[in-house]
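**Student:** Here's a structure for you.
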Ligand code: ATP
Ligand code: MG
């Protein structure tokens, strides 16, 4: 899939830009604080409704009342138009091919993989970041998974409300049984998809890691199910576990086990990356994971997603930069890369270059 045209209006520091990226590599050059990341952020927002902002209002250009993102893209050879309006005073609205859609319907439409230096926190940060990383890629490949996940989270939320009421002796403990059955059923769906996806990701990521480390390093990605054994019947097992944790959960007013608490672990040559990884290793593994995410989405959906690379060229050594650019060109992956310097790219490389200056594009 690829983007044919992007229009941004009053988005961040961008008053108005309209451009047509190449189907191959597009480079956005500019000094610091000109709006390079803002452009990629708009695309990431149109893909997963994710941004660096805590609130939508931060996305609207200062002094203006509403931001607009409009993207024309091709998916499976069919042209689509996506529009997202972000007014200061009202909730955002999303239109796909002219029809108003709900935010949850957007995921899986404009697929992308975003890679920025912040991704290095994936390893050292909280489990939530790692769950989000995994959920984003599975959800883009499978809207059904995304719906199952939302449903599961909703049940956890409702069960937690009930746990608090039981603790405060407002309702009887018997009420929990029904919820536990529902929770176990929903958890099983989420877990089985996560387990099979991690198996696939693990083998893809290891292949890439071996290539970039000249076969010196193998990488394994392990799904860490708190307190559950993946070899046994998950739903039944989970139900038992919920019962065992019940007194504790009632005391805390929250559900202590399940997919919402699980984690991912990464090992290089059987050593846990979080504990032993060097800076360079963290970067290499992050790159291997992003490239395997591209391949994962290609094998699940039949097409590569877009690749957004924010400021990562400066983080990689010359060999890795070259390997990455070669791979992207060979595989024909539409890529938008930001950088402060043309020197990060081989001079003979053919690429579409845009210059970003004070929120504007000069070609
Ligand atoms: P760097 O090379 O430092 O990463 P960049 O070109 O990626 O720079 P951006 O992160 O895109 O820079 O941000 C550009 C500018 O946009 C920043 O100076 C920031 O203050 C400004 N900005 C952010 N949000 C808004 C907004 N809502 N309205 C106006 N300007 C904003
Ligand atoms: Mg930036």
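In the working numbering, the protein residues as written are 38 to 400.
Where a beta carbon is used, it is the ideal one built from N, C-alpha and C, also for glycine.
This structure is a prediction, so every number in the text was calculated from the model and none was measured.
Is residue 70 near ligand 1, going by C-beta to nearest heavy atom under 7 Å?
**Tutor:** To locate residue 70, count along the chain shown from 1; it is residue 33. It does: the Cβ of residue 70 is within 7 Å (strictly closer) of some heavy atom of ligand 1.
**Student:** Is residue 264 closer than 8 Å to residue 245 when the C-beta atoms are compared?
**Tutor:** For this step, residue 245 is matched to residue 208 along the chain shown. For this step, residue 264 is matched to residue 227 along the chain shown. Not closer than 8 Å, so no.
**Student:** Taking residue 120 as part of the beta strand (DSSP E), name the residues at either end of that continuous run.
**Tutor:** For this step, residue 120 is matched to residue 83 along the chain shown. Start and end: 115-124.
**Student:** Closer than 7 Å to a non-hydrogen atom of ligand 1 - does that hold for the CB of residue 95?
**Tutor:** Residue mapping note: residue 95 aligns to position 58 of the chain shown, counting from 1. Yes, ligand 1 has a heavy atom inside 7 Å of this Cβ.
**Student:** Where does residue 58 land, buried or exposed, given buried means 16+ other C-beta within 10 angstroms?
**Tutor:** If you number the chain shown from 1, residue 58 lands on position 21. Burial call: buried.
**Student:** If you compare alpha carbons, which of 259, 356, 379 is closest to residue 389?
**Tutor:** As a working mapping, residue 389 is identified with position 352 in the chain shown. Looking at the Cα atoms, 379 is the closest of the given residues.
**Student:** If you drop the 5 nearest sequence neighbours on each side, which residues of the same chain put their C-beta closer than 7 Å to that of residue 159?
**Tutor:** Working through the chain shown from its first residue, we reach residue 159 at position 122. 166, 167, 170, 323.
**Student:** If we count Cβ pairs, one from each stretch, closer than 8 Å, do we get three or more for the stretch 317-331 versus the stretch 280-298?
**Tutor:** In short, these stretches do not touch, since the Cβ pair count stays below three.
**Student:** Which residue or residues does DSSP assign as beta-bridge partners of residue 373?
**Tutor:** Mapped onto the chain shown, residue 373 falls at position 336. For residue 373, which the question treats as bridged, DSSP gives the partners 63, 345.
**Student:** Using the rule of at least 16 other Cβ atoms within 10 Å of the residue's Cβ for burial, across every protein chain shown, is residue 182 buried or exposed?
**Tutor:** Counting from 1 along the chain shown, the entry for residue 182 is found at position 145. Around the beta carbon of residue 182, a 10 Å sphere encloses 16 or more other beta carbons of the protein chains shown; the residue is thus reported as buried.
**Student:** Mind listing, in chain order, the continuous alpha helix (DSSP H) runs of no fewer than 4 residues lying wholly within the stretch 121-156?
**Tutor:** 140-143
**Student:** Using CA coordinates, which residue listed in 43, 61, 52 is at the minimum distance from residue 387?
**Tutor:** Within the chain shown, numbered from 1, the residue matching residue 387 stands at position 350. Among 43, 61, 52, the Cα nearest to that of residue 387 is on 61.
**Student:** Please give the ranges of any beta strand (DSSP E) in the stretch 263-305, keeping only runs that are unbroken, at least 3 residues long and fully inside the region.
**Tutor:** Complete beta strand (DSSP E) runs here, min 3: 300-305.
**Student:** For residue 109 and residue 310, I'd like the C-alpha separation in whole angstroms.
**Tutor:** Residue numbering aside, residue 109 sits at position 72 when the chain shown is read from its first letter. Residue numbering aside, residue 310 sits at position 273 when the chain shown is read from its first letter. Looking at the two C-alpha atoms, the distance is approximately 40 Å.
**Student:** Can at least three beta-carbon pairs, one atom from the stretch 61-77 and one from the stretch 365-379, be found at a separation below 8 Å?
**Tutor:** yes
**Student:** Could you check whether residue 154 and residue 349 sit closer than 8 Å to each other, using their CB atoms as the reference points?
**Tutor:** Taking the first residue of the chain shown as 1, we reach residue 349 at position 312. Taking the first residue of the chain shown as 1, we reach residue 154 at position 117. The answer is yes: Cβ separation under 8 Å.
**Student:** Just the Cα atoms here: how many angstroms apart are residue 333 and residue 242?
**Tutor:** Taking the chain shown and counting its residues from 1, the one referred to as residue 333 is at position 296. Taking the chain shown and counting its residues from 1, the one referred to as residue 242 is at position 205. Taking the straight line from one Cα to the other gives about 9 Å.
**Student:** Give me the Cα-Cα distance between residue 74 and residue 114, rounded to the nearest whole angstrom.
**Tutor:** Within the chain shown, the letter at position 37 stands for residue 74. Within the chain shown, the letter at position 77 stands for residue 114. Distance between the alpha carbons of residue 74 and residue 114 is about 28 Å.
**Student:** Can you grab the Cα-Cα spacing for the pair residue 339 / residue 145, in whole Å?
**Tutor:** Here residue 339 corresponds to residue number 302 of the chain shown, with the count starting at 1. Here residue 145 corresponds to residue number 108 of the chain shown, with the count starting at 1. Residue 339 and residue 145: Cα-Cα distance of roughly 13 Å.
**Student:** Starting from the Cα of residue 356, find the closest Cα among 381, 212, 342 and give me that residue.
**Tutor:** Residue 356 sits at position 319 when you count from the first residue of the chain shown. For the residues 381, 212, 342, the minimum Cα distance to residue 356 belongs to 381.
**Student:** Closest to residue 40 by C-alpha separation, out of 209, 299, 372, would be which residue?
**Tutor:** Indexing the chain shown from 1 puts residue 40 at position 3. With distances taken between Cα atoms, residue 40 lies closest to 372.
**Student:** For residue 257, name the three-state secondary structure that DSSP assigns.
**Tutor:** What you label residue 257 is simply residue 220 of the chain shown in a count that begins at 1. Residue 257: strand per DSSP, three-state reduction.
**Student:** Between 80, 147, 135, 85, which has its C-alpha nearest residue 111's C-alpha?
**Tutor:** For the purposes of this step, residue 111 is identified with residue 74 of the chain shown, where counting begins at 1. Checked all of 80, 147, 135, 85; the closest Cα to residue 111 is 147.
**Student:** Hey, how far is the Cα of residue 271 from the Cα of residue 229?
**Tutor:** Start at 1 with the first residue of the chain shown, and residue 271 comes out as number 234. Start at 1 with the first residue of the chain shown, and residue 229 comes out as number 192. Each residue's Cα considered, the two are about 8 Å apart.
**Student:** Closer than 7 Å to a non-hydrogen atom of ligand 2 - does that hold for the CB of residue 347?
**Tutor:** For the purposes of this step, residue 347 is identified with residue 310 of the chain shown, where counting begins at 1. Yes, Cβ of residue 347 sits closer than 7 Å to a heavy atom of ligand 2.
**Student:** Could you check which residue in 331, 368, 352 has the C-alpha nearest to that of residue 320?
**Tutor:** Translated into the one-based positions of the chain shown, residue 320 becomes position 283. Checking every option, the nearest Cα to that of residue 320 belongs to 352.
**Student:** Which ranges would you report for the alpha helix (DSSP H) in the stretch 48-111 if only whole runs of at least 4 residues count?
**Tutor:** 73-85
**Student:** I'd like to know whether the C-beta atoms of residue 219 and residue 192 end up nearer to each other than 8 Å.
**Tutor:** Along the chain shown, one-based indexing puts residue 219 at 182. Along the chain shown, one-based indexing puts residue 192 at 155. Yes, the Cβ-Cβ distance between residue 219 and residue 192 is below 8 Å.
**Student:** For ligand 1, is there any heavy atom lying closer than 7 Å to the beta carbon of residue 14?
**Tutor:** No information on residue 14 is available, as it lies outside the stretch 38 to 400 that the chain covers here.
**Student:** Give the range of the alpha helix (DSSP H) segment to which residue 391 is assigned.
**Tutor:** One-based indexing of the chain shown puts residue 391 at position 354. Careful: residue 391 lies outside any alpha helix (DSSP H), inside the beta strand (DSSP E) at 389-394.
**Student:** Three-state secondary structure (DSSP) at residue 178?
**Tutor:** Walking along the chain shown from the start, residue 178 turns up at place 141. It is helical.
**Student:** Indicate the three-state DSSP secondary structure (helix, strand or coil) for residue 353 in the structure shown.
**Tutor:** Along the chain shown, one-based indexing puts residue 353 at 316. Coil, per DSSP.
**Student:** Among 253, 126, 128, 120, whose alpha-carbon lies nearest the alpha-carbon of residue 134?
**Tutor:** Here the question's residue 134 lines up with position 97 in the chain shown. Checked all of 253, 126, 128, 120; the closest Cα to residue 134 is 120.
**Student:** Around the C-beta of residue 72, are 16 or more other C-beta atoms found within 10 angstroms, so that it is buried, or is it exposed?
**Tutor:** Taking the chain shown and counting its residues from 1, one reaches residue 72 at position 35. Taking a 10 Å sphere around the C-beta of residue 72, we find 16 or more other C-beta atoms and assign the residue as buried.
**Student:** Leaving out five residues on either side along the sequence, give the residues of the same chain with a beta carbon under 7 Å from the beta carbon of residue 143.
**Tutor:** For this step, residue 143 is matched to residue 106 along the chain shown. Once the five neighbours on either side are set aside, the close Cβ partners of residue 143 are 86, 131.
**Student:** What residues match up with residue 39 in a beta bridge as DSSP calls it?
**Tutor:** Position 2 of the chain shown, counted from the first residue, corresponds to residue 39. Answer by DSSP bridge pairing, in chain order: 111.
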